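Those sequence lines, one after another, are chains A and B. Numbering of the first sequence is given in the numbering used here, commencing with residue 1 and proceeding in unit increments. Numbering of the second sequence is given in the numbering used here, commencing with residue 1001 and proceeding in unit increments.
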Amino acid sequence: MRLILFDLDTPKRRNFYPIALSRPIWEMRVGMSSLAEKMIKKLGATDVAYFLPAYLAATYKARASGAKVNDKAALAGDDLLLLSGRLKAAGITVAKTGPSEVGTAEDGEILYARINKADIGKVSGATIEQFLASAAKAIGTVKSATPAWDYTWDLILANPHQITDDFKELGRSGIEGTIEEPSGLRGSKKDVFVGKGAVIHPMAVIDAAEGPVYLDEGVEVHPFSRIEGPCYIGKNSILLGAKCREGNSVGPMCRLGGEIEESIIQGYSNKYHDGFLGHAYVGEWVNLGALTTNSDLKNDYSSVSVMLDGKKGTDTGSTKVGSLIGDHTKTSIGTLLNTGSYVGAMCLIMATGKPLPKYVPSFSWFLEGVVTKGFGRNKLFDTAKIAMSRRKQTFDQNQLDLYNHIFELTKPERMEAVKKGRKVMLGK
Amino acid sequence: MPSVEDRVKAVTARVLKVDADSVKSEQNFGSDLGAESVQSIELVASFEEEFGIEMDEDAALSVDTVGGAVDFITKVCQEQGVSV
């Protein structure tokens, strides 16, 4: 059986922006791993292929070295199980084998397709969208209750429980790294894992009383950090006196300080200094300047809405949602983010002392309290090159092509915001 | 209709808060007219609004002088079919 994950270029993709602007939805994190890792593990798949919007293919292929990406040949030659990249792995009940079947949600969206090798001849299509539509027509569909993630904040809100579930499923605990004395370990040792090469400096506290703490290989925890479980810290990330409250998942190579609560950080991002980050999802290569703080709770305790398109808010149904911050965005010292803020990719934010607008489109230069075109995208690319080189990564031609595409993709909402900003800037 | 040069000088004077008559073609926005980095962004925005054009930020911000801006804007207007 070949497992195929697909991420179609549909309006629902926007629900995962700005994080999914630069990656397939299945690369997003929840708990201790990505959505893809969870689905692959659940199904025990060894042969996996991926279909995603064309503009994401080159950079994804570079990351998933050797993987079949947008390769039509992967749609033949074996029994196929195609899964939407936003399915909740724990809720997948479709069997790996059985008669061909296409499962759809109530709105008709295809969630999965199991196509036996013998039936592949009945299906055709030049694109993955056409292939799935053809499968639905040739095989017929069944309504499926397979659960899917609908919005980025679903991942944030599920994260604490998911870490606990993942830790339990992995069944790994113990100290393979170094804990320097005096140390503070609260709760049970069986709820703590410290990976190889990880170093916990003296005077750091690991509190696993309310949930497990998993510190991956090479993690470094500086003195006066406090890590409350459930928590996952990815490889080679460093906590610098951080107040790491419960429910955080952090990818590799991050630098974290200040107070962080129930947030997901994709990786390679810095929040080095004081300031509060709560119920947020932060992409890669983000730098949050000192005292950058987000609100995750409204003063009237009403549910938080998030503007995903810059026009109207979507009610999250939760009283706790912080910020969604896209890759390569940098905030200045003292940046204040309103409850449920959306800050796109490749933004440069210069704080004014007031909270930012709730929607800042990608590639915005937020200066003097308004969205501007600023010094253009090339200056942002120059910064990205420097930031990535500091972590031995390269902003290469594929990255350049990706972000040039995102620049065009996000131009309408950016120009709308720029026009509004000009009315203020030019006093019109 | 005022010339492109007159309009560029008028916008420059308004944004940088200098006397319009003192703005000369050969003057540098930064070293001669005191434009700070944020003001250069404001200048680009103001030129786009004045002429109803869209300029590439990198190209526009590489223009140093008032005369250079006149030439650049004239070229962009021609390319974008804006009569001046």
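Quick reminder that beta carbons are idealized off the backbone N, C-alpha and C, glycines included. Since the model is a prediction, treat every value here as computed from it, not as a measurement.
Helix, strand or coil: which one does DSSP assign to S188 of chain A? Along the first sequence, read from residue 1 onward, the residue named residue 188 of chain A stands at position 188. Looking at S188 of chain A - three-state DSSP - the assignment turns out to be coil, as it is neither helix nor strand.
Selection from A:T339, A:V424, A:G421 and A:F407 that minimises the alpha carbon distance to D1056 of chain B: Position 56 of the second sequence, counted from the start, is the residue given in the question as residue 1056 of chain B. When each option's Cα is compared against that of D1056 of chain B, the closest is A:F407.
What residue range does the alpha helix (DSSP H) around D322 of chain A cover? Position 322 of the first sequence, counted from the first residue, corresponds to residue 322 of chain A. It is worth fixing the name first, because residue 322 of chain A is Gly in this sequence and not Asp. Counting along the chain, G322 of chain A falls outside any alpha helix (DSSP H), and DSSP gives it neither H nor E.
Identify the continuous alpha helix (DSSP H) that holds C1077 of chain B and give its terminal residues. Taking the second sequence and counting its residues from 1, one reaches residue 1077 of chain B at position 77. Its alpha helix (DSSP H) spans residues V1066 to E1079.
Closer than 9 Å, CB to CB, is V1066 of chain B near chain A or not? Taking the first residue of the second sequence as 1, we reach residue 1066 of chain B at position 66. V1066 of chain B does not count as touching chain A.
Measuring only the C-alpha atoms, how far is I179 of chain A from M253 of chain A? Taking the first residue of the first sequence as position 1, residue 179 of chain A is located at position 179. Taking the first residue of the first sequence as position 1, residue 253 of chain A is located at position 253. If I take the Cα positions, the gap works out to 20 Å.
Same chain, Cβ closer than 6 Å to S225 of chain A, five either side skipped, listed in chain order: Locating residue 225 of chain A in the first sequence gives position 225, where the first residue counts as 1. Excluding residues within five positions, the ones whose Cβ falls inside 6 Å are A204, L239, G241 and A242.
Rounded straight-line distance, which links the Cα of K41 of chain A to that of E129 of chain A: What you label residue 129 of chain A is simply residue 129 of the first sequence in a count that begins at 1. What you label residue 41 of chain A is simply residue 41 of the first sequence in a count that begins at 1. Computed Cα separation, rounded: 25 Å.
Do three or more CB pairs link the region 323 to 333 of chain A to the region 268 to 286 of chain A at distances below 8 Å? yes
How is F363 of chain A classed by DSSP in three states: helix, strand or coil? Stepping through the first sequence from its first residue, residue 363 of chain A is reached at position 363. Coil at F363 of chain A, not helix or strand.
Contact set between the region 1039 to 1056 of chain B and chain A, restricted to residues whose Cβ is under 8 Å from the partner: I1041, E1042, V1044, A1045, S1046, E1049 and D1056
Per DSSP, the bridge partner or partners of G313 of chain A: Within the first sequence, numbered from 1, the residue matching residue 313 of chain A stands at position 313. The partner list for G313 of chain A (beta bridge, DSSP) reads A:M307.
Taking I349 of chain A and F363 of chain A to be in contact with their CB atoms under 8 Å, please state how far apart those CB atoms are, rounded to whole angstroms. As a first step, residue 349 of chain A is located in the first sequence; it is residue number 349 there, counting from the start. As a first step, residue 363 of chain A is located in the first sequence; it is residue number 363 there, counting from the start. Actually they do not touch by this definition, with Cβ atoms about 12 Å apart.
Any idea which residues DSSP pairs K271 of chain A with across the strands? Locating residue 271 of chain A in the first sequence gives position 271, where the first residue counts as 1. Per DSSP, A:L256.
Expressed to the nearest angstrom, what Euclidean distance is found between the alpha-carbon atoms of E37 of chain A and I333 of chain A? For the purposes of this step, residue 37 of chain A is taken as the residue at position 37 of the first sequence. For the purposes of this step, residue 333 of chain A is taken as the residue at position 333 of the first sequence. Within the model, the alpha-carbon separation for E37 of chain A versus I333 of chain A is close to 36 Å.
Which residues DSSP lists as bridging S444 of chain A, in chain order: There is simply no residue 444 of chain A to check, as chain A begins at 1 and stops at 428 in what is shown.
Go ahead and label E413 of chain A buried or exposed: buried means 16 or more other beta carbons lie within 10 angstroms of its beta carbon, across all protein chains shown. On the first sequence, position 413 is the one that residue 413 of chain A refers to. Label assigned to E413 of chain A: buried.
Report buried or exposed for G66 of chain A, applying the criterion of at least 16 other Cβ atoms within 10 angstroms of its Cβ. Here residue 66 of chain A refers to the residue found at position 66 when the first sequence is read from its first residue. It counts as exposed.
So who's on the other strand from Y281 of chain A, going by DSSP bridges? In the first sequence, counting from the first residue as 1, residue 281 of chain A sits at position 281. Y281 of chain A pairs with A:I264 and A:L324.
Residue of A:N116, A:G108, A:D107 and A:K88 minimising C-alpha distance to I96 of chain A: Here residue 96 of chain A corresponds to residue number 96 of the first sequence, with the count starting at 1. It should be noted that the sequence gives Lys, not Ile, for residue 96 of chain A. The residue with the shortest Cα to Cα distance from K96 of chain A is A:N116.
Going by Cα to Cα distance, which pick from A:G353, A:G77 and A:G374 is closest to I1041 of chain B? What you label residue 1041 of chain B is simply residue 41 of the second sequence in a count that begins at 1. For I1041 of chain B, the nearest C-alpha among the options comes from A:G374.
Strictly below 8 Å CB to CB, what residues from chain A border L1061 of chain B? Counting from one through the second sequence, the residue named residue 1061 of chain B turns up at place 61. Chain A residues near L1061 of chain B: F375 and G376.
Short Cβ contact (9 Å threshold) for A209 of chain A with G174 of chain A: In the first sequence, residue 209 of chain A corresponds to position 209, counting from 1. In the first sequence, residue 174 of chain A corresponds to position 174, counting from 1. No.
At which residues does the alpha helix (DSSP H) containing G103 of chain A begin and terminate? Within the first sequence, residue 103 of chain A is the residue found at index 103, counting from 1. Where G103 of chain A is concerned, there is no enclosing alpha helix (DSSP H), although the beta strand (DSSP E) around it starts and stops at E101 to T104.
With 16 as the cutoff for other CB atoms within 10 Å, does P357 of chain A come out buried or exposed? Reading the first sequence from its first residue, position 357 is the one you call residue 357 of chain A. P357 of chain A should be labelled buried.
Looking at the secondary structure, which residues open and close the beta strand (DSSP E) in which L215 of chain A lies? Stepping through the first sequence from its first residue, residue 215 of chain A is reached at position 215. Start and end: V213 to L215.
DSSP three-state assignment for R226 of chain A, whether helix, strand or coil: The residue labelled residue 226 of chain A in the question sits at position 226 within the first sequence. Reduced to three states, the DSSP call for R226 of chain A is strand.
Within chain B, partners of E368 of chain A - CB distance below 7 Å: Position 368 of the first sequence, counted from the first residue, corresponds to residue 368 of chain A. The contacting residues are V1038.
With respect to the beta strand (DSSP E) encompassing A384 of chain A, which residues constitute its N-terminal and C-terminal limits? Mapped onto the first sequence, residue 384 of chain A falls at position 384. Taken as a continuous stretch (DSSP letters only), A384 of chain A belongs to no beta strand (DSSP E), being part of the alpha helix (DSSP H) at G376 to S389.
Based on Cα-Cα distance, which residue from A:D296, A:G310 and A:D78 lies nearest to R14 of chain A? By 1-based counting over the first sequence, the position of residue 14 of chain A is 14. Of A:D296, A:G310 and A:D78, the residue nearest in Cα terms is A:G310.
Alpha-carbon spacing of L336 of chain A relative to R114 of chain A, whole angstroms: Along the first sequence, one-based indexing puts residue 336 of chain A at 336. Along the first sequence, one-based indexing puts residue 114 of chain A at 114. Rounded to whole angstroms, L336 of chain A to R114 of chain A spans 47 Å at the Cα level.
Proximity below 9 Å, CB of I386 of chain A to CB of E262 of chain A: Your numbering for residue 386 of chain A matches position 386 in the first sequence. Your numbering for residue 262 of chain A matches position 262 in the first sequence. Not a contact, by the Cβ cut-off of 9 Å.
So R422 of chain A contacts chain B; which residues on that side make the cut at Cβ distance below 7 Å? If you number the first sequence from 1, residue 422 of chain A lands on position 422. A1045 and E1049, listed in chain order.
Residue closest to K420 of chain A, alpha-carbon to alpha-carbon, out of A:V370, A:D401 and A:Y403: For the purposes of this step, residue 420 of chain A is taken as the residue at position 420 of the first sequence. Nearest option by C-alpha distance: A:V370.
Note the first and the last residue of the continuous beta strand (DSSP E) segment covering S237 of chain A. By one-based count along the first sequence, residue 237 of chain A stands at place 237. Here S237 of chain A belongs to no beta strand (DSSP E), and DSSP marks it neither H nor E.
So with CB distances below 8 Å, who are the chain E contacts of D1071 of chain B? The structure shown contains no chain E; its protein chains are A and B.
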